[in-house]
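In UniProt numbering, the protein residues as written are 1 to 97. Notes follow the structure.
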C-alpha cells in the first residue's frame, strides 16, 4: 500500500514540475500533426506531450510487469509439480527399500 502511495506522490510531483516549467512559455505555436494542424500555447503542448509520454511509459512498464508476473506464476507451478514428483519418487524408493 505504501508503495502505491509513494508512486502516486512521485507522479503528481513530476506532473506539477512539468506544468510549472511549461507555464512560463505562453507563446503561440503551430503544431502540425498527420491529419491537421492547430495553434497551441507552448505550455499546453508541453503538458500534453509530457502526459502522453508518461501514460505511454506506464503502459509499456505495465506490459513487461504483467509478462514477468505470468512467467513467475508458470515457473512457480512448475516447481510445485516437480517437488511433488520428487516426493512421490522418494516415498516409492523408501517403500521399496
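The C-beta atom is built at its ideal place from N, Cα and C for all residues, glycine as well.
For residue 29, which of 46, 16, 19 has the nearest alpha-carbon?
Residue mapping note: residue 29 aligns to position 29 of the chain shown, counting from 1. Checked all of 46, 16, 19; the closest Cα to residue 29 is 46.
What would DSSP say about residue 72, mapped onto helix, strand or coil?
Taking the chain shown and counting its residues from 1, the one referred to as residue 72 is at position 72. In the structure shown, residue 72 adopts helical secondary structure according to DSSP, grouped into three states.
Whole angstroms is fine: what's the gap from residue 90's alpha carbon to residue 81's?
Here residue 90 refers to the residue found at position 90 of the chain shown. Here residue 81 refers to the residue found at position 81 of the chain shown. Each residue's alpha carbon lies about 14 Å from the other.
Could you please give the first and the last residue of the uninterrupted beta strand (DSSP E) stretch that includes residue 28?
On the chain shown, position 28 is the one that residue 28 refers to. From DSSP, the beta strand (DSSP E) with residue 28 extends over 28 to 32.
Counting along the chain, where does the beta strand (DSSP E) carrying residue 40 start and finish?
Start at 1 with the first residue of the chain shown, and residue 40 comes out as number 40. That run of the beta strand (DSSP E) goes 37 to 41.
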